[in-house]
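One structure is given below, encoded as structure tokens.
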Amino acid sequence: MQTITAVNLLEPSEFMRLFCNVVEHAPSIASVVARRRPLRDVQHLLAELYSVVDGLSDSDKVDILRRHPDLAGSMAEQGLLTAESTMEQRSAGLDQLTEQQKYDMKRMNSAYKDKFGFPFVICARENKATAILEGLTRRLINTPDKELATGIEEVKKIARLRVLDLVA
Ligand SMILES: NC(=O)N[C@H]1NC(=O)NC1=O
Numbered sequence: 000m001q002t003i004t005a006v007n008l009l010e011p012s013e014f015m016r017l018f019c020n021v022v023e024h025a026p027s028i029a030s031v032v033a034r035r036r037p038l039r040d041v042q043h044l045l046a047e048l049y050s051v052v053d054g055l056s057d058s059d060k061v062d063i064l065r066r067h068p069d070l071a072g073s074m075a076e077q078g079l080l081t082a083e084s085t086m087e088q089r090s091a092g093l094d095q096l097t098e099q100q101k102y103d104m105k106r107m108n109s110a111y112k113d114k115f116g117f118p119f120v121i122c123a124r125e126n127k128a129t130a131i132l133e134g135l136t137r138r139l140i141n142t143p144d145k146e147l148a149t150g151i152e153e154v155k156k157i158a159r160l161r162v163l164d165l166v167a
């Protein structure tokens with residue numbers, strides 16, 4: 000855990016080492032936040048992070064969503080997730096799915112990707128496996144614009160919890 004004072008004093012490379020994955024596989028977001036220091040407190044850090052994400056073009060937002068691994072997907076099965084993602088998917092119980100739930104998750108994740116061109120993203124730490132499956136079913140009927148906006152709000156929730164694990 001770092002205090003905000005310590006975060007403000009970190010060398011850029013050290014800041015990046017800590018924060019590069021608060022948005023999954025998107026270090027460019029952290030590097031913009033690094034340049035917005037000094038930050039008053041963790042709320043200020045989060046406000047800057049949200050403003051960077053919200054300021055992206057739609058195609059860059061799609062790119063951010065595409066950097067996320069499928070929930071309970073093949074990357075998870077092969078143990079290839081980031082440490083953060085592994086912990087989040089486990090906290091939702093996604094490593095404990097029944098065969099039927101695994102099948103439903105794979106089928107709907109792929110239907111979602113076919114429809115929208117980016118993966119289904121939800122903050123796993125704020126949901127249990129059954130809620131994730133319900134959310135996937137519900138969100139599949141949305142419009143692409145609505146899903147881009149919803150997915151990005153979930154990215155911000157994931158990033159917020161990752162930041163709160165790092166900064167006191
Ligand atoms: N697809 C997807 O939502 N992935 C993410 N969600 C989360 O909480 N961690 C992830 O990696």
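Anchor point for the sequence shown: position 70 equals 69 in numbering that gives the first Met the number 0, and the numbering is continuous, going up by one each time. For each residue, glycine too, the CB sits at the ideal point set by N, CA and C.
Check for me: the alpha helix (DSSP H) holding residue i runs from which residue to which?
i: residue 26; result: 26-34
i: residue 148; result: 143-165
i: residue 133; result: 128-138
i: residue 119; result: Segment: none, residue 119 is in no alpha helix (DSSP H) and carries neither H nor E.
i: residue 82; result: 82-90
i: residue 12; result: 11-18
i: residue 51; result: 41-53
i: residue 76; result: 73-76
i: residue 22; result: Run containing residue 22: none; DSSP gives neither H nor E here.
i: residue 62; result: 57-65
Under 7 Å from any heavy atom of ligand 1, does the C-beta of residue i make it?
i: residue 143; result: no
i: residue 68; result: yes
i: residue 84; result: yes
i: residue 34; result: no
i: residue 120; result: yes
i: residue 106; result: no
i: residue 89; result: no
i: residue 148; result: no
i: residue 23; result: yes
Quick check on residue i: buried or exposed, where buried means 16 or more other Cβ atoms within 10 Å of its Cβ?
i: residue 104; result: buried
i: residue 201; result: The structure shown does not extend to residue 201, since the chain is modelled only from 0 through 167, so no value can be given for it.
i: residue 84; result: buried
i: residue 10; result: exposed
i: residue 80; result: buried
i: residue 54; result: exposed
i: residue 78; result: exposed
i: residue 143; result: exposed
Return yes when the Cβ of residue j is within less than 8 Å of the Cβ of residue i, no when it is not.
i: residue 167; j: residue 1; result: yes
i: residue 65; j: residue 23; result: no
i: residue 32; j: residue 161; result: no
i: residue 52; j: residue 151; result: yes
i: residue 126; j: residue 119; result: no
i: residue 75; j: residue 128; result: no
i: residue 111; j: residue 147; result: no
i: residue 7; j: residue 48; result: no
i: residue 200; j: residue 88; result: With the chain running from 0 to 167 in the structure shown, residue 200 is simply not present.
Which one or two residues does DSSP pair with residue i in a beta bridge?
i: residue 1; result: 166
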